[in-house]
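Below: one structure, written as structure tokens.
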Amino acid sequence: QQQVKQSPQSLIVQKGGISIINCAYENTAFDYFPWYQQFPGKGPALLIAIRPDVSEKKEGRFTISFNKSAKQFSLHIMDSQPGDSATYFCAARGSYIPTFGRGTSLIVHP
Amino acid sequence: DTGVSQDPRHKITKRGQNVTFRCDPISEHNRLYWYRQTLGQGPEFLTYFQNEAQLEKSRLLSDRFSAERPKGSFSTLEIQRTEQGDSAMYLCASSSTSVGEQYFGPGTRLTVT
Chain A
7 QQQVKQSPQS
17 LIVQKGGISI
27 INCAYENTAF
37 DYFPWYQQFP
47 GKGPALLIAI
57 RPDVSEKKEG
67 RFTISFNKSA
77 KQFSLHIMDS
87 QPGDSATYFC
97 AARGSYIPTF
107 GRGTSLIVHP
Chain L
95 DTGVSQDPRH
105 KITKRGQNVT
115 FRCDPISEHN
125 RLYWYRQTLG
135 QGPEFLTYFQ
145 NEAQLEKSRL
155 LSDRFSAERP
165 KGSFSTLEIQ
175 RTEQGDSAMY
185 LCASSSTSVG
195 EQYFGPGTRL
205 TVT
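Below, the structure written as structure tokens:
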């Protein structure tokens with residue numbers, strides 16, 4: 007049973023465009039929703055995270071939108087850059103162990 | 095560099111052999127986690143230590159897997175009698191509190207031939 011569903015599996019955008027990655031969760035006990043960025047040969051690194059008491063969080067070009075009633079959250083990358091090309095994972099955590107989505111491979115063309 | 099380090103970065107072994115990986119967490123972090131990541135998947139939790147105590151193990155951690163953190167600092171993950179299905183990236187992470195952010199190491203990529 008996949009508790010966190012992530013889409014799309016892959017995404018190609020042009021430089022300067024908006025990248026949008028969506029996730030949905032099932033367990034209402036989840037109370038912390040981080041996004042991780044992973045480059046080839048590296049471990050995941052925290053990008054931005056949100057708690058369900060807010061509907062949106064913005065850090066630079068990265069924004070999380072959170073819809074508690076729909077149990078969905080998404081990552082928006084504004085003004086996407088070639089350096090943003092990586093795999094992005096959403097996750098949801100209720101205790102101390104996050105459950106990860108399957109990842110989205112983002113390619114930003116120059 | 096004071097991040098999480100893992101050794102080796104790559105390991106190729108023949109089926110049936112034993113392998114051991116090492117993780118050195120961030121020095122002030124007393125919580126250490128092991129994950130497995132296969133191609134096209136997110137990391138999957140294997141086990142968790144608070145100091146030297148192993149507090150939780152996933153059902154993914156079969157009897158062939160054992161993890162230790164003898165002095166509450168570095169940790170080792172051993173896989174006995176490796177199988178081709180064990181081929182994956184093994185990630186280590188550490189945190190300073192149970193709800194604090196986890197910082198991941200670069201991983202050890204295991205290939206079982």
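Note that the protein sequences, when read in sequence, are chains A and L.
Everything in the first sequence is counted per the numbering used here, starting at 7 for the first residue and increasing by one.
Everything in the second sequence is counted per the numbering used here, starting at 95 for the first residue and increasing by one.
C-beta: ideal position from N, C-alpha, C; glycine also.
In this text the structure is predicted, and so the values were computed from the model without any measurement.
The Cβ neighbour count for Gly47/A, taken over all protein chains shown within 10 Å, is under 16; the residue is labelled exposed.
One finds Gly49 in chain A with Cβ atoms closer than 7 angstroms to the Cβ of Leu185/L, taken in chain order.
Looking only at Leu204/L, Thr207/L, Phe198/L, the smallest Cα-Cα distance to Phe45/A is reached by Phe198/L. Residues Val19, Gly23, Ser25, Val114 of the same chain have their beta carbon placed closer than 6 angstroms to that of Ser86/A, with the five preceding and five following residues left out of the count.
At least 7 angstroms separates the beta-carbon of Ser190/L from that of Leu126/L. Per the C-alpha coordinates, the member of Pro164/L, Arg158/L, Gly179/L, Leu185/L positioned closest to Glu172/L is Arg158/L.
Counting of Cβ neighbours within 10 angstroms places Gly194/L among the exposed residues, the total staying below 16. Non-local beta-carbon contacts of Thr107/L in its own chain, meaning distances under 8 angstroms to residues more than five positions away in sequence, involve Val113, Thr176, Leu204, Thr205, Val206, Thr207 in chain order.
For the 7 angstroms CB-CB criterion, Thr170/L and Arg116/L form a contact.
Using a CB distance below 7 angstroms, no part of the stretch 21-40 of chain A faces chain L. For the C-beta of Tyr94/A, not a single chain L residue is nearer than 9 angstroms; the gap to the nearest is close to 10 angstroms. Interface criterion met: the Cβ of Gln135/L is under 7 angstroms from a Cβ in chain A. Here Thr132/L is exposed, its C-beta having fewer than 16 other C-beta atoms within 10 Å. The three-state secondary structure of Asp59/A, taken from DSSP, is coil.
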